[in-house]
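Notes to accompany the following structure.
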Amino acid sequence: MQTSYESQADTTQTEFNILYPDLSAELPDNSVDGLFAFDPASMGLSISETLMPGMHFAYYKRNTRETKRFRISNPEPYISLVYSIRNKSRYTDAGSGEQFARFDHRQHNLLYIPDGTFFIDAAADENAESFVINFSIERFSSMIPDEHPLFRVFRRMVEQNRAGSLAEFNMPVRPSLQSILMDILHSARTGYYKSLFVRAKVTELLMLQLEQSEMEPEPLAPGESEEVKRMYEVKALITGDLASHVSIIELAKKVGTNDCYLKKQFKEVFGTTVYGYLHKERMEKARQMLGESNRKISEVAKSIGYKHASHFSLAFKKYFGYLPNKIRMLIAALLCGPDLMLVSEWGSMI
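With our numbering applied, the sequence shown corresponds to residues 650 to 999, in that order.
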């Protein structure tokens, strides 16, 4: 089962038709039905998808110099968690022509989408990125607490079968949310293990989103300032080469600012220091590599900028609370042992 894509030209614009998969389709409950990628060159669009029972995860990356219209057709109503990382778009009902959602850069919300057809008009952008997680009504109902304020909104929209946003205001995409989304996108796990991983991460995402919706709405800037763009450039430079030992002064020069301003602005945008973010990314990358490959600890350490494995091991234990070799010991115990290891047993290994 796979999302269907087709482009067609009319007199005013290129319209891209997307037929979403049936989220109620019966799939093995312990597997993920593939990772799909599609890149229609004429649209400057690339798509990666994961489909599992009651849920559809998709990452969209777009490189176009003109506004594009996407015609979305879905066989059933569903809930859509939309994370606009770098994307300006508006959602319009195809029947009534009424706009029911609008997103700017670094905004997210939960949408109720009735069965039928709607349009997404996406502004021109050569580096547009967005994530979408779609839930069947049944799956979402089982995940949101009955007492949460958004549950009442959700039930009302289902009863009225009316498209709209569950949260009154769009919320900012915080670094914690974006980090989880990237973890899902880049996970090398397959089959049963990927299913467990995606379920856990999506549940964490929904928890953070529901928590954020109960807080006071934060003011969102209508556009993206040059200063914020520079900070995202710095972030990309850091994550693009975790083994590098580039200084803050060098980073500042690369994006056209000074070191004092960079340190202050980076913390305002991402909620952590430059070195704090670098350390977090190194540790998370190391944990992922140790769990998903057979590389030696010394090789993993070197790949993220540590000359000595012993220094890396100490930093890893300080960050996670256990030594790096314990990850593989736990995996081996889970795969080979007759029963799951008890928490107390795992604690004794640390």
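Ideal placement from N, C-alpha and C gives every residue a C-beta, glycine not left out.
This structure is a prediction, so every number in the text was calculated from the model and none was measured.
Alpha-carbon spacing of residue i relative to residue j, whole angstroms
i, j, result
"L760", "I786", "12 angstroms"
"S928", "K951", "Note on residue identity: the sequence assigns His, not Ser, to residue 928. One C-alpha to the other measures close to 14 angstroms."
"A727", "T922", "Inspection of the sequence shows that residue 727 is occupied by Tyr rather than by Ala. Near 39 angstroms, if we compare the C-alpha coordinates of T922 and Y727."
"Y910", "S893", "21 angstroms"
"A885", "S828", "13 angstroms"
"L900", "T906", "9 angstroms"
"F1021", "V822", "The chain is shown only over 650 to 999; residue 1021 falls outside these bounds and no answer can be derived."
"H757", "V904", "27 angstroms"
"R788", "S947", "43 angstroms"
"R739", "A812", "13 angstroms"
"N943", "T839", "16 angstroms"
"Y816", "M806", "The question names Tyr, yet the displayed sequence has Ala at residue 816. Looking at the two C-alpha atoms, the distance is approximately 12 angstroms."
"V883", "S896", "11 angstroms"
"F969", "F919", "21 angstroms"
"R804", "Q748", "21 angstroms"
"K945", "M831", "24 angstroms"
"Q937", "T716", "37 angstroms"
"G703", "K850", "15 angstroms"
"K967", "H957", "16 angstroms"
"Y842", "Y708", "20 angstroms"
"K852", "E930", "Contrary to the premise, residue 852 reads as Thr rather than Lys in this sequence. Each residue's Cα considered, the two are about 22 angstroms apart."
"N974", "A837", "20 angstroms"
"P724", "R848", "23 angstroms"
"G954", "S791", "43 angstroms"
"E941", "M932", "14 angstroms"
"G744", "V877", "38 angstroms"
"H835", "D908", "31 angstroms"
"S697", "H960", "37 angstroms"
Terminal residues of the beta strand (DSSP E) in which residue i lies
i, result
"K717", "K717 to N723"
"K710", "M704 to T713"
"D774", "D774 to S785"
"H757", "Q756 to I762"
"Y727", "Y727 to R735"
"I793", "I793 -> no beta strand (DSSP E), and no H or E assigned at all."
"T766", "G765 to A771"
"R751", "Q748 to F752"
"T741", "S738 to D742"
Residue j beta carbon less than 8 angstroms from that of residue i
i, j, result
"M880", "F846", "no"
"F784", "R720", "no"
"R714", "S733", "no"
"S722", "T766", "yes"
"K710", "E778", "yes"
"L891", "K934", "yes"
"F706", "I833", "yes"
"A771", "N819", "no"
"M701", "S844", "yes"
"N781", "L854", "Rather than Asn, the amino acid found at residue 781 in this sequence is Val. Result no, Cβ atoms of V781 and L854 do not sit closer than 8 angstroms."
"N810", "P763", "yes"
"S949", "L963", "At residue 949 the sequence reads Val, which differs from the Ser that was named. Against a cut-off of 8 angstroms, the Cβ pair of L963 and V949 comes out as no contact."
"I887", "Y926", "yes"
Element boundaries [alpha helix (DSSP H), containing residue i]
i, result
"F800", "P798 to Q809"
"A964", "A958 to F969"
"I829", "P824 to H835"
Residue i: CB within 7 angstroms of a non-hydrogen atom of the ligand SAH
i, result
"K903", "As far as ligands go, the structure on display features none, and thus does not contain the ligand SAH."
Practice problem: Evaluate the contact criterion for the segment 856-864 versus the segment 794-803: three or more CB pairs, one atom per stretch, below 8 angstroms. | Solution: Taking a contact to require three or more Cβ pairs closer than 8 angstroms, the segment 856-864 and the segment 794-803 qualify as touching.
Quiz item: Could you give the uninterrupted runs of the beta strand (DSSP E) lying entirely in the segment 863-948, keeping only those of 3 residues or more?
Solution: Qualifying beta strand (DSSP E) stretches: none in this window.
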